[in-house]
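All remarks here apply to the structure that follows.
Protein chains: 2
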Amino acid sequence: MVVESLLDIAEVAERSGLAPSALRFYENRGLIASAGRNGLRRAYRPDVLERLALIACARGAGFTIAEIARFLLATPDDTKLRAHMAEKASALEEDIARLTRMRDGLHHASTCMHEPLVECPDFKRTFESSADHMRSGTPDPSLPN
Amino acid sequence: MVVESLLDIAEVAERSGLAPSALRFYENRGLIASAGRNGLRRAYRPDVLERLALIACARGAGFTIAEIARFLLATPDDTKLRAHMAEKASALEEDIARLTRMRDGLHHASTCMHEPLVECPDFKRTFESSADHMRSGTPDPSLPN
DNA sequence: CTGTGACTTGAAGCGCGGTTCAAGTCAAGG
DNA sequence: CCTTGACTTGAACCGCGCTTCAAGTCACAG
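As you go down the protein sequences, you meet chains A and B in turn.
Per the numbering used here, numbering of the first sequence is gapless, rising by one per residue and ending at 1184.
Per the numbering used here, numbering of the second sequence is gapless, rising by one per residue and ending at 1184.
Below is the structure:
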């Protein structure tokens, strides 16, 4: 018999809302580890759920599986990784700003009466700064041929 | 002869920062329209740049190409779509909250001295509410790239 | 007329994040 | 013993958002 306090993969799947295939996939990629087997079945320590919550959040924040794997191995002396994290944090800052603008734009869009919607000046204004970012580094000043 | 004020695909590509292949792809999917040809070459009206900014923003906010296509066809009487937009707006609200939490977590992580980082209680606390969200079952949204 | 060279097309390929599938293994039950 | 049924594996496949490729077409220079 195997230790009792461990969770079967099926149970972890149910409680985490992830498919068993996803759990195996994560294990394969080094995001989680199984603590043993019960016959063929993977058995996980309960704290895997906590880790899965973290992974879900990171995924939601746009991190790739590979990045998350690296972050999970972090130790205090890994200064490179720390720098990387700080970098990511400020990237998130920008993402948050973008999403906020988008939210406001959508909010307006859902009640605006312009036809078509795309031509609504208020709606357009939402994206002015994004357009600026696009124009960074354009050598050509004038339009017509 | 073709109208003069139009932009060649190459110019649009340069000014938008997108690859020509991406522009063709978008056109193929109905996100943008070319206003004519100059020989074989697509010619775009200048306002396509504005639209591309909008598309970039929407993409960044996690909308799929197909969704964006639908949104761009919106008219004021399309109440279904309006509802959909409002829905998306509040989904963004959640995304923003999640990203904010993640940013704070990363911020702390980049200076925390726990070994391993994953065991830091402060860091963990960042994800408590996410864990709750897992138990209530959620069809995980995903962000790009 | 013949390059040249940037475009055109549709189709195939890629990286990501998984899911699905075929085939195999195990523990328990009859 | 044999069956059942949930798991195991590696490999193939999927949808997305493009990119790349092969082959073709065009305008213009010489």
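Cβ coordinates follow ideal geometry from the N, Cα and C atoms, glycine included.
Quick caveat, the model's predicted, so the values are computed rather than measured.
Name, going along the chain, the residues of the stretch 1056 to 1075 of chain B whose beta-carbon falls closer than 8 Å to a beta-carbon of chain A.
1056
By a C-beta neighbour count over all protein chains shown, 10 Å radius and 16 as the cutoff for buried, is residue 1150 (chain A) buried or exposed?
As a position in the first sequence, residue 1150 (chain A) is number 111, starting the count at 1. Exposed: under 16 other Cβ atoms inside 10 Å.
Does the beta-carbon distance from residue 1148 (chain B) to residue 1166 (chain B) come in below 9 Å?
Working through the second sequence from its first residue, we reach residue 1148 (chain B) at position 109. Working through the second sequence from its first residue, we reach residue 1166 (chain B) at position 127. No, the pair does not count as a contact, with Cβ atoms beyond the cut-off.
Would you check whether the ligand COA has a heavy atom nearer than 8 Å to the C-beta of residue 1092 (chain B)?
In the structure on display, the ligand COA does not appear, and there are no ligands present to speak of.
Residue 1134 (chain A) to residue 1123 (chain A), Cα distance in whole Å?
Mapped onto the first sequence, residue 1134 (chain A) falls at position 95. Mapped onto the first sequence, residue 1123 (chain A) falls at position 84. So the alpha carbons of these two residues sit roughly 16 Å apart.
Let me know if residue 1101 (chain A) comes out buried or exposed under the rule of 16 or more other beta-carbons within 10 Å of its beta-carbon.
In the first sequence, the residue the question calls residue 1101 (chain A) occupies position 62. So residue 1101 (chain A) counts as buried.
Can you pull the chain B residues whose beta carbon is under 8 Å from the beta carbon of residue 1157 (chain A), in chain order?
As a first step, residue 1157 (chain A) must be located in the first sequence, where it is residue number 118. The contacting residues are 1090, 1093, 1111, 1113.
Starting from residue 1109 (chain B), trace the alpha helix (DSSP H) both ways and give me its first and last residue.
Start at 1 with the first residue of the second sequence, and residue 1109 (chain B) comes out as number 70. Taken as a continuous stretch (DSSP letters only), the alpha helix (DSSP H) holding residue 1109 (chain B) covers 1104 to 1111.
Give the secondary structure of residue 1074 (chain B) by DSSP, where H, G and I count as helix, E and B as strand, and everything else as coil.
Taking the first residue of the second sequence as position 1, residue 1074 (chain B) is located at position 35. It is coil, neither helix nor strand.
Using beta carbons (cut-off 9 Å, strictly below), is residue 1161 (chain B) in contact with chain A?
As a working note, residue 1161 (chain B) is residue 122 in the second sequence. So, not an interface residue.
Residue environment, residue 1141 (chain B), which counts as buried when at least 16 other CB atoms sit within 10 Å
As a working mapping, residue 1141 (chain B) is identified with position 102 in the second sequence. Buried, by the Cβ-count rule.
From A:1145, A:1156, A:1164, A:1104, pick the residue whose C-alpha is nearest to that of residue 1071 (chain A); which is it?
Your numbering for residue 1071 (chain A) matches position 32 in the first sequence. Here the closest residue by C-alpha is A:1104.
Which chain B residues sit within Cβ distance under 8 Å of residue 1105 (chain A)?
Numbered from 1 along the first sequence, position 66 holds the residue referred to as residue 1105 (chain A). Residues of chain B passing the Cβ test: none, with the nearest at roughly 13 Å.
Quick test of your reading: residue 1083 (chain B) and residue 1074 (chain B), contact by CB under 8 Å. State the CB separation rounded to the nearest angstrom.
As a first step, residue 1083 (chain B) must be located in the second sequence, where it is residue number 44. As a first step, residue 1074 (chain B) must be located in the second sequence, where it is residue number 35. Confirmed, about 6 Å.
Could you say which of A:1117, A:1080, A:1139, A:1159 lies nearest to residue 1155 (chain B) if we only look at CA atoms?
Taking the second sequence and counting its residues from 1, the one referred to as residue 1155 (chain B) is at position 116. The shortest Cα separation from residue 1155 (chain B) among A:1117, A:1080, A:1139, A:1159 belongs to A:1117.
Where does residue 1091 (chain B) fall in DSSP's three states?
Counted from its first residue, the second sequence places residue 1091 (chain B) at position 52. Helix at residue 1091 (chain B).
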